[in-house]
Every structure is written in C-alpha cells, then in structure tokens.
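See below for the structure under consideration.
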RNA sequence: GCUUCCGUAGUUAAAUGGAUAUAACAAGCCCCUCCUAAGGGCUAGUUAUGGGUUCGAUUCCCGUCGGGAGUACCA
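In my numbering, the protein residues as written are 224 to 785.
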C-alpha cells in the first residue's frame, strides 16, 4: 500500500494535485508525532490562511478509517497515524511471500546497465585505494540486477601503455622466471618499481622499443606480456572471490587497439579534430574545458581515445540504457571531456554515460606511494580483519563450528562495509584502528544482530514452536522495526537512483538497531502470551530475511552463528 | 590563476528545503540467576564564516576562509 497516495487521495488543499500532495508528505522526525506528515506551509499563500489554521481545518475534515487511524494538527503540520496492525500485516506478508526477493522489483524491465569498475592494472597489486571502485561497482551490479535491470560488469583492464615496455625491460635485466612465477604480481611489481628507481637512459630506450614490439605483435614480447597478465588475473581473481565480485567482460584498453581508428576517422569527418602543437585534439574551449587530446604529436593514441572507442563499442554491443564508470573523482575532467566529445559527435546516448565518482584514499601519514613503500595492500587488510574476527570468535564463542568460515564472512564483511557505509564522494583516511573496529555502525553489528535473530528462531524450532501468521497490534518497539523493514524496497531504489550503496548499508544498520531495541524490550520466546510470542517470532524471521537481503546487495555474507 | 568537489560534537559521519540537527567511535557512569554483552541504557558535546532567496536553509545562490582534486601529449 502506498500510504502517501492513500492520504493524498483523501485531502483537498489549495488546488494542489494529488501527486503534489503525495510528494509533499514526509515522515515526522519523532515517531511520537505520527507516522506521516503533511506540512501545510505551501498552501498558506493560495488559501490566505496560516499554516496552523489550514492544518486544523484539514484535520477536522480528514476521514479517518481503518488505514489511517487518526489525524492531528500541530505547528502547521498535519500528522497521520497509520493502523499499526495493518502496516505490520502488509509488510510481513510481503516479506514472507518474497523472501530473498523482498525489495526487488521489475522497474528495470530488463534494460542493460553497463558498469565499469575495479579496472585492474596489469602488474599492479591492489592497494587499499582499489577497494572503493571494486566494492561500489560490485554492489551497484547487484542492486541493478535486483531491480530488474540487466547489469553488465566490465573490468576495463589497464593493459596498455609504455609501462609494459618498462616492465619487460626490467624483467630482461633483473628478472628470473622462477622467482616471478613464484612471487606472482608482487614480484612483477617489484621489477617495475625498480625500473622506475634505477633505469638508465639506455634502459628507457629499450623500454620504448619493447612497447613498440608488443604493439607490432612480436612473439616474445607478447608472450611475456601475456604471462604478466595471467599472473595478475590469477591474483585479482582470488581477491574478487573473497569479495564476491564478478564480471561479464574483461575487455580492457588493449581490446580497443583496433577500434580507435574508426573513431578518429569519424572525428575527422565531423570536423571536430584539429591540430594543435603537433597533436590532434578536440577543442573544448567553448565549453570551458581544456582540449581533449586524441593523438599525441608522435601519433600515439591516448586514454581518452580508448575511452571514446570503448563507449561506442559498449553502446553497439550492449545497447545500454546507462553506462556507469565507477572511477575516483580525480578523473572528473577526463570523463566530462569524453562525454562532451561523444555529444559533439552526435551520439544522443552520451547523456546516458555517468561518471560515478568516489573519494580518494590516503594514509594517516599522507598519500600512498608504492615507490616509497607507503602502501597498504588490500590482501593484507583483508587478512588482518579476518584474523581479528577469528580471534574474537575464539574468545567469545570457542565452541563454534566453522570458525574459519565465519571469520572470513565477518572479516571480509568489515572490509567491504567500511568502503560502502559513507557517501562515496567522501575521502577516506585509512587506518587499521578503524578498519579493525567491530563495534557500533559496522557490518559486524548487523551480522551479530542476524546471529541473534537466527539463534532465537533456532531455539523456537527446537522447542517445537510452529510458524504462524499471528498478528497483534505492534507496540512501539515492534512498530518501529516494522516501519524500518517496510522501507527497504524504496531504499534499494534510492540507492540505484543515486548510485549510492551506502543507502543500503545505512538501512541495514538502522534496521539492526531497531531490532536490537525490540530484542531488549520485548521478550520473544518468553513473551507473556502465545499470540505475542508467535507474532514476535514472525517479526524476527522477517527481520532476518530483510537484513540478509540488504547485506547480500552489499556483497556481505550472513553467518547463522558467530 | 582558472575549474571543480568538500567543510556538521574531540573523531568518523547522517539528514527528497521542513518540526527539538541524528548516530557511531572515543570519554564518564550503569545493565549478563533472563532469547548471543560483537549488545542495551544514561551523561556530556556539533552545522567554518558573511550576505541573499524562502513562511522555513546543514541542504539552494553569491562572497570570504580552510582542505582535496584537476588543469595538453601518463592512465
């Protein structure tokens, strides 16, 4: 039931449409005021009356019924109280019927949303800075699928550039096949770092030559490159598995090597390409932006050139309704330029390209720097969180089976949640202190709440208490919980609309807080009456379902016990 | 310089233009003969600054201050 529409249909005020009234209906800051409220200030001018008077009048006229039980005017607000049992019944039935699908919808109608995220660079291990794009993208992928879209996850590999020439040169000078095979990506990265620190003029020249060899299809150079790529992918896939991240495509920059020329031709045809300082550019001066570089003065393509080709390819291949780029705000200008160039090329779908920008990660001692060794590797953060989880479990619940498995869910969950809980645009200063804190507004809190609920339900089953569709008018704590659960579907929609998984993360904590208040205030198994116990068990089960759905959208597992 | 983002308790943050600005962490104090204390309760403490728009601004606009990012051949 859409309560806003229901209320709006029963109100006539100042010639406003029902939609406008429904839109204006809010939720009061304090539940003791009511469940819904209509601020009457907007009507004051048209009706030439004070908001307070209008509210009084509307309150007197409003036909209370079995859905909206009472109406009261206060401070220019019209406050509505819904029938608690009615809302509870509707919400519980809907959760019970839909189960793990509760909160999903078909609003996407099967339309495609491409999501470009994580985008690993060959030969570069993940540090903590790669976490945001990976888990934000991974969560958006799930959220859009949940809402009936067809999400296409794209890992736009960073597999093109002169750095790979450098890498091969470094390997040729200092590398050892066995060591690299054994050391994997960190061994490769060490070679690259060493090159940047120690390379001579001569080696720089070699690096450029190796890059040329890769480009011209030289067998040996390509074999080395492919080997580095394999080692990189083997490494990231392990991490993706732990984070529950998947992709539908690994088409990276190299994939577009042969797809750039047509774009350049098209730019030329459309008269957008001009020469400046020896380079080919698209002039964006009229739009207040620096030029978009398409070809360097030596004829080589650039980042923007490949992104243009990639966007066109994706539109052609997937016919997306939207294409999201989950990339740090550092690249705001780059995407503004690329999107603008596509618009100038007459691609009407350029408006469907969205740069989902997020904040930067630094360390307490400042910006990360691989060269200076100021770096926090992602796998280290994950292992430390999992270890901490294991330690806590061993201490608090020594008899728990599957300690490793639970520790993995808890530890990984904490890492993921830490990156998804706040607005994505916020910068993050990483610290182990914060990462390892499992108290308060964390995934651990939500998981713990789930474990409590599971435990109650388990004990009920053990005692042979059957599931029922018992319903009672909820008390305050019960009703606050019901309202929280009822809000989940619109939370998911809001998360998708704003490309903001934090909405779901915040929902999970809020619902968990409401459950814990209920859990403390209302005895479930030892309720006073059987009907009360049955209703509370029903509410507990529904809470568990919804919290699971929320955490699943974030890519976080839910242990039954912990 | 220009462009752009950000500025809320000691800290990290929340708040489609709405009522007394909301949580968590840290601090102090309480609560396990009772469904998991990774929990609950209590105390104390916040919108950088000056204008403007509005019945009403943390939110929108302009300025100032402070911080981040970007600003032509890296990605």
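The beta-carbon is built from N, C-alpha and C at its ideal position, and this holds for glycine as well.
Fair warning: this is a prediction, and the values are worked out from it, not measured in the lab.
Own chain, CB closer than 6 angstroms to residue i, minus 5 neighbours either side, in chain order
| i | result |
| --- | --- |
| residue 676 | 763, 766 and 767 |
| residue 390 | 346 and 415 |
| residue 674 | 784 and 785 |
| residue 459 | 343 |
| residue 333 | 373 |
| residue 598 | 350 and 591 |
| residue 475 | 379, 380 and 382 |
Same chain, Cβ closer than 8 angstroms to residue i, neighbours up to 5 away in sequence not counted
| i | result |
| --- | --- |
| residue 251 | 257, 258, 259, 260, 300 and 302 |
| residue 623 | 616, 629, 784 and 785 |
| residue 287 | 293 and 294 |
| residue 575 | 543, 544, 545 and 546 |
| residue 353 | 341, 343 and 601 |
| residue 419 | 389 and 594 |
Simplified DSSP assignment, three categories, for residue i
| i | result |
| --- | --- |
| residue 612 | helix |
| residue 275 | helix |
| residue 655 | helix |
| residue 515 | strand |
| residue 549 | strand |
| residue 573 | helix |
| residue 524 | strand |
| residue 747 | coil |
| residue 665 | coil |
| residue 779 | coil |
| residue 249 | strand |
| residue 444 | helix |
| residue 236 | coil |
| residue 422 | coil |
| residue 504 | strand |
Integer Cβ distance of residue i from residue j, believed to fall under 8 angstroms
| i | j | result |
| --- | --- | --- |
| residue 426 | residue 379 | About 29 angstroms; that fails the 8 angstroms criterion. |
| residue 710 | residue 366 | Wrong, their Cβ atoms sit about 16 angstroms apart, outside the cutoff. |
| residue 487 | residue 640 | Wrong, their Cβ atoms sit about 44 angstroms apart, outside the cutoff. |
| residue 638 | residue 604 | 6 angstroms |
| residue 682 | residue 748 | 6 angstroms |
| residue 371 | residue 344 | 33 angstroms between Cβ atoms; not a contact. |
| residue 659 | residue 729 | Actually they do not touch by this definition, with Cβ atoms about 21 angstroms apart. |
Buried or exposed (CB count within 10 angstroms, at least 16 for buried), residue i
| i | result |
| --- | --- |
| residue 311 | buried |
| residue 696 | exposed |
| residue 666 | buried |
| residue 560 | buried |
| residue 687 | exposed |
| residue 224 | exposed |
| residue 701 | buried |
| residue 330 | exposed |
| residue 648 | exposed |
| residue 513 | exposed |
| residue 787 | Lying before the first or after the last residue shown, residue 787 is absent from the chain, which here runs from 224 to 785. |
| residue 253 | exposed |
| residue 632 | buried |
| residue 819 | Given a span of 224 to 785 for the chain in the structure shown, any question on residue 819 remains unanswerable. |
| residue 388 | buried |
| residue 285 | buried |
| residue 480 | exposed |
| residue 754 | exposed |
| residue 232 | exposed |
| residue 611 | buried |
| residue 743 | exposed |
| residue 680 | buried |
| residue 532 | buried |
| residue 510 | exposed |
| residue 592 | exposed |
| residue 274 | buried |
| residue 569 | exposed |
Close-in-space but distant-in-sequence residues of the same chain around residue i (CB under 7 angstroms, 5 per side omitted)
| i | result |
| --- | --- |
| residue 645 | 725 |
| residue 707 | 733, 734 and 737 |
| residue 313 | 224 |
| residue 731 | 669, 770, 773 and 774 |
| residue 757 | 691 and 693 |
| residue 283 | none |
| residue 462 | 349, 601 and 602 |
As an exercise, report each continuous alpha helix (DSSP H) stretch of at least 4 residues that is fully enclosed by the segment 326–385, in chain order.
354–369
Alpha helix (DSSP H) runs wholly inside the segment 454–499, at least 4 long, in chain order
483–492
Any chance you could list the alpha helix (DSSP H) runs of at least 4 consecutive residues sitting entirely within the segment 580–626, in chain order?
601–619
To test your reading of the DSSP string, which unbroken beta strand (DSSP E) runs of 3 or more residues are found completely within the segment 257–320?
259–262, 291–297 and 300–305
At 4 residues or longer, and completely inside the segment 678–711: list those alpha helix (DSSP H) runs for me, N to C.
699–709
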